[in-house]
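Asks: The structure's right below; bear with me while I get my questions together.
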Amino acid sequence: MSVTTFAPETEARLALARQVADAVLFEGYVLYPYRASAAKNRLRWQFGVLVPPTWGAATEEHDFQHTECLMEPRADATLAVELRFLRARRRTVQRARPDGGFDTVPELRLADRILVPWDEGTEEHVEAVVRIDELLGDGVTIPFGLAAAEDTEPVLDETGRPVGRMVRRYEETTGALRLSARELEGPYRVMRLTAVVENTSAWTPADGTAADRDAALPRSLVAAHLLMGLSAGSFLSMTDPPEWAKGAVAACRNLHTWPVLAGEPGRADVVLSSPIILEDHPAIAPESPGALYDATEIDEILALRTAALTDEEKREARGTDERAAAVIDLADSMPPEVLERLHGAVRSLREVTGSAPAPAADGFPDEFGVPRPDTPWWDPASDAGFDPGHDRILVDGHSLGAGSRVVLRPGLRRTDAQDLFLAGRTARVEAVLHDVDGGVHLAVTVEDDPGADIRREQGRFLYFQPDEVTPLERDA
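Going by the numbering used here, the residue at position 372 of the sequence shown is 389; the numbering climbs one at a time, nothing skipped.
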């Protein structure tokens with residue numbers, strides 16, 4: 018639902034912040050191995066769940082979020098607010114009977130997927146734009162309501178014959194967004210903005226279900242969070258405020274959520290209040306090929322393990338949820354060069370080089386916005402003065418470079434115990450690398466390593482300093 022519609026300029030300023038907000042919205046939505054039968058997918062919805070008041074009073078879960086932050090609005094400024102959350106839509110599966118009726122079943126097996134009961138998350142949002150002067154005093158309250166509903170979707174087999182249906186049920190849910198502001202005393206015109214999100218649903222658990230969280234979830238606001246933007250003016254960082262504002266920041270009260278600066282780096286006119294603790298100006302990793310939904314996800318490991326699921330496991334995942342099916346399809350279709358991009362990124366080097374990788378025009382896959390890399394594992398454009406594949410260095414009077422053979426003599430650095438197992442092994446130099454501090458490192462592959470060709474192709478080398486190798490032969 019929507020209370021109002023943002024102006025184009027407001028929409029543009031919030032668009033970048035929504036990339037991170039979407040990750041918050043679906044954090045932990047469905048976990049590897051992406052099947053409803055997996056134990057860790059049986060207890061759903063862990064972040065930002067605002068339950069009905071009667072349920073919250075009987076449990077340790079919350080029916081509200083309370084956000085406070087500081088802002089310096091200019092004259093005649095407006096505040097745009099977007100409340101975003103998921104609504105749990107309960108899905109049951111039914112098999113068709115010969116007489117035209119339907120029976121509810123625990124699963125419906127098809128050639129490409131296995132359909133099972135599941136709670137699907139549908140996106141909901143409430144938008145409002147208010148003048149700053151309207152927030153003073155009692156502020157404004159924006160109630161909202163979501164009506165109960167039910168819909169059905171026919172299920173067809175591979176020949177197009179109806180074999181069943183899915184029934185989806187929404188429960189009635191109501192809530193309120195309360196906004197207010199108070200000007201603080203001091204030499205600067207600073208206001209404390211308060212934003213409270215409440216679940217006001219009148220639902221009361223039936224007898225015998227007081228301990229049933231499953232019954233409360235369809236009436237809950239799941240992964241609830243706020244985006245707030247000023248038309249003119251700025252917010253103050255709650256994690257790194259100016260010295261004069263530290264006392265006022267410390268006095269702010271934030272319950273079950275935390276506000277951070279969001280949107281375009283270097284600007285402070287958008288705040289994301291999230292149930293997950295974030296730093297200012299959080300961003301999505303550019304290497305990520307798409308949402309994997311798994312909390313604290315590590316894309317490379319998840320992609321590899323997902324691709325390694327059995328065909329039967331993939332059928333169940335595809336029948337669990339459309340988003341789980343998209344993860345399976347993504348892992349199965351990911352080309353090697355995209356997977357290679359997931360093997361770590363040293364972001365601190367971007368502060369030195371002053372740039373991030375430029376996206377290619379023909380990225381893969383388009384819907385996930387993943388650029389296809391068009392440079393080797395080392396980017397020649399990052400520093401035209403060095404060429405790891407052709408640079409050479411003198412070691413004990415011998416010129417070493419790519420193709421040289423050496424004996425590994427680790428032990429001088431004493432920083433990696435694993436290197437000691439390689440003492441005395443012969444290796445081939447793959448590249449001569451120069452770091453930003455002027456140090457030199459040799460990238461090598463061990464000669465009798467059966468995976469050396471794969472490591473060489475992916476640019477995954479071992480690294481030694483020049484005083485940790487002995488030349489095996491003089492290069493021509």
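Backbone N, C-alpha and C define an ideal beta-carbon position, used for all residues, glycine too.
(1) Here's the rule I'm using: 16 or more other beta-carbon atoms within 10 Å means buried, otherwise exposed. How should Phe403 be labelled?
(2) Name the DSSP bridge partner or partners of Ala105?
(3) Taking just the CA atoms, how far does Gly117 sit from Leu132?
(4) Tell me, please, which residues DSSP counts as bridged to Val463.
(5) I need the DSSP call for Glu89, collapsed to helix, strand or coil.
(6) Out of Ile315, Leu309, Arg358, which has the shortest C-alpha to C-alpha gap to Ile345?
(7) What whole-angstrom Cβ distance do Ser421 and Val446 have, given they're in contact under 8 Å?
(8) Below 8 Å CB to CB, which residues in the same chain sit around Asp155 once its five sequence neighbours on both sides are set aside?
(9) Taking the DSSP output, what are the residues bridged to Trp275?
(10) I'd like to know if the stretch 290–306 and the stretch 230–248 are in contact, where contact means that at least 3 CB-CB pairs between them fall below 8 Å.
(11) How many angstroms separate the CA atom of Pro123 from the CA atom of Arg340?
(12) Are the stretch 137–151 and the stretch 64–73 touching, with three or more C-beta to C-beta distances below 8 Å?
(13) Where does Arg182 fall in DSSP's three states?
(14) Using three-state DSSP, classify Phe438 as helix, strand or coil.
(15) Taking one C-beta from the stretch 274–281 and one from the stretch 316–334 each time, how about it: are there three or more such pairs within less than 8 Å?
(16) Between the stretch 259–277 and the stretch 300–309, do at least 3 Cβ pairs fall closer than 8 Å?
(17) Just how far apart, CA to CA, sit Leu459 and Leu437?
(18) Between the Cα of Pro488 and those of Ala469, Val457, Ala94, Arg426, spot the shortest distance and give me the residue it belongs to.
(19) Pair every Cβ in the stretch 194–212 with every Cβ in the stretch 38–56, then say whether three or more of these pairs are closer than 8 Å.
(20) Would you check if the distance between the CB atom of Leu152 and the CB atom of Leu96 is smaller than 9 Å?
(21) Considering Ala198, what are the terminal residues of the beta strand (DSSP E) in which it resides?
(22) Give me the Cβ distance between Asn58 and Leu48, rounded to the nearest whole Å; I'm assuming they're in contact under 8 Å.
(23) Please classify Ala419: does DSSP put it in a helix, a strand, or coil?
(24) Would the stretch 179–199 count as touching the stretch 97–111 if we require 3 or more Cβ pairs under 8 Å?
(25) Using a beta-carbon distance below 9 Å, is Met255 in contact with chain D?
(26) May I have the straight-line CA-CA distance separating Ala469 from Val453, to the nearest angstrom?
(27) Taking the continuous alpha helix (DSSP H) assigned at Arg332, which residues delimit it?
(28) With 16 other CB atoms within 10 Å as the buried threshold, where does Gly192 fall?
(29) Note down the Cα distance separating Val461 from Glu357, rounded to an integer number of angstroms.
(30) If you drop the 5 nearest sequence neighbours on each side, which residues of the same chain put their C-beta closer than 7 Å to that of Asp231?
(31) Going by DSSP, what residue range makes up the beta strand (DSSP E) through Asp297?
(32) Mark Asp338 as exposed unless 16 or more other C-beta atoms lie within 10 angstroms of its C-beta, in which case mark it buried.
(33) Let me know if Gln82 comes out buried or exposed under the rule of 16 or more other beta-carbons within 10 Å of its beta-carbon.
(34) Between the C-alpha atoms of Val239 and Thr76, what's the straight-line distance to the nearest angstrom?
(35) In the DSSP assignment, the beta strand (DSSP E) including Ile410 goes from what residue to what residue?
(36) In this structure, how does DSSP classify Glu28 when only helix, strand and coil are distinguished?
Replies: In terms of the structure at hand:
(1) With fewer than 16 Cβ atoms within 10 Å of its Cβ, Phe403 is classed as exposed.
(2) Looking at the DSSP output, Ala105 sits in a beta bridge with Gly138.
(3) So the alpha carbons of these two residues sit roughly 20 Å apart.
(4) According to DSSP, Val463 bridges with Ala444.
(5) Per DSSP, reduced to three states, the secondary structure at Glu89 is strand.
(6) Of Ile315, Leu309, Arg358, the residue nearest in Cα terms is Leu309.
(7) About 4 Å separates the two Cβ atoms, so the contact holds.
(8) Excluding sequence neighbours, Asp155 sits near Ser197.
(9) DSSP lists Ser291 as partners of Trp275.
(10) The stretch 290–306 makes contact with the stretch 230–248: 3 or more CB pairs, one atom from each, lie closer than 8 Å.
(11) Rounded to the nearest angstrom, the two C-alpha atoms are 21 Å apart.
(12) The stretch 137–151 is not in contact with the stretch 64–73.
(13) The answer is strand: DSSP assigns Arg182 an E or B state.
(14) Phe438: helix per DSSP, three-state reduction.
(15) Under the 8 Å Cβ criterion, the stretch 274–281 does not count as touching the stretch 316–334, having fewer than three qualifying pairs.
(16) Short answer: they don't touch.
(17) About 16 Å.
(18) Relative to the Cα of Pro488, the nearest Cα in the group Ala469, Val457, Ala94, Arg426 belongs to Arg426.
(19) Judged by Cβ distances under 8 Å, the stretch 194–212 makes no contact with the stretch 38–56, as fewer than three pairs qualify.
(20) Against a cut-off of 9 Å, the Cβ pair of Leu96 and Leu152 comes out as a contact.
(21) Taken as a continuous stretch (DSSP letters only), the beta strand (DSSP E) holding Ala198 covers 190–200.
(22) The C-beta separation of Asn58 from Leu48 comes to about 6 Å, placing the pair in contact by the 8 Å criterion.
(23) Coil at Ala419, not helix or strand.
(24) The stretch 179–199 is in contact with the stretch 97–111.
(25) Protein chain content of the structure displayed is limited to a single chain, and chain D is not contained in it.
(26) Those two C-alpha atoms are separated by around 28 Å.
(27) First-last of the alpha helix (DSSP H) with Arg332: 328–337.
(28) When all chains shown are included, Gly192 counts as buried.
(29) Near 19 Å, if we compare the C-alpha coordinates of Glu357 and Val461.
(30) Hits under 7 Å: none found.
(31) No beta strand (DSSP E) contains Asp297, which DSSP labels as neither H nor E.
(32) Buried: at least 16 other Cβ atoms inside 10 Å.
(33) Its Cβ being crowded by 16 or more others within 10 Å, Gln82 is buried.
(34) Whole-angstrom Cα-Cα distance: 16 Å.
(35) Ile410 -> beta strand (DSSP E) spans 410–412.
(36) Helix, per DSSP.
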